[in-house]
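Mapping of the sequence shown onto numbering that gives the first Met the number 0: position 20 corresponds to residue 19, and the numbering continues sequentially without gaps.
Glycine included, C-beta positions come from ideal geometry on N, C-alpha and C.
All remarks here apply to the structure that follows.
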Amino acid sequence: MSFADLGLIPELLQAVTDAGYTEPTPIQRQAIPIVIAGKDVMGGAQTGTGKTAGFTLPLLHRIARHANSSTSPARHQTRALILAPTRELAMQVFESVKTY
């Protein structure tokens, strides 16, 4: 299975290719379609298995579908809030979102 099989938008497919990802991990294969569908997911996997991409990629996919082309900051409402238990994990998630 490829990232394209998961239904991600072309911009995200290019971003994962640029990041060096070749195929989704098991947690990503399971979580991405569910999050794209707008459903809640509670998943667990070991460190380094792609959990962050497993929720940020479909989150960005959903946000991009409703993107606002306005350049005014007032026209860009908050679309997502990601909570992390530590500053280090919050920075990891931030860097991941910037990558995609």
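What is the rounded straight-line gap between the Cα of residue i and the Cα of residue j?
i, j, result
"I33", "E94", "23 Å"
"A14", "M41", "25 Å"
"G37", "M90", "25 Å"
Using C-beta distances below 7 Å, list every residue in its chain close to residue i, excluding the 5 sequence neighbours before and after it, in chain order.
i, result
"S1", "E22"
"A3", "L12"
DSSP state of residue i, grouped into three classes?
i, result
"M90", "helix"
"A158", "Not covered by the structure: residue 158. The range shown for the chain is 0 to 99."
"L12", "helix"
"L7", "coil"
Which residues in the same chain as residue i place their Cβ atom closer than 8 Å to its Cβ, once the five residues preceding and following it in sequence are excluded?
i, result
"I8", "H60, A63, R64"
Within a Cβ cutoff of 6 Å, which residues of the same chain sit near residue i, ignoring the five residues on either side of it in sequence?
i, result
"E87", "none"
Inset, instruction - Please go through the stretch 19–76 and give each complete alpha helix (DSSP H) segment of 4 or more residues, from N-terminal end onward. - result: You should have 25–35, 50–64.
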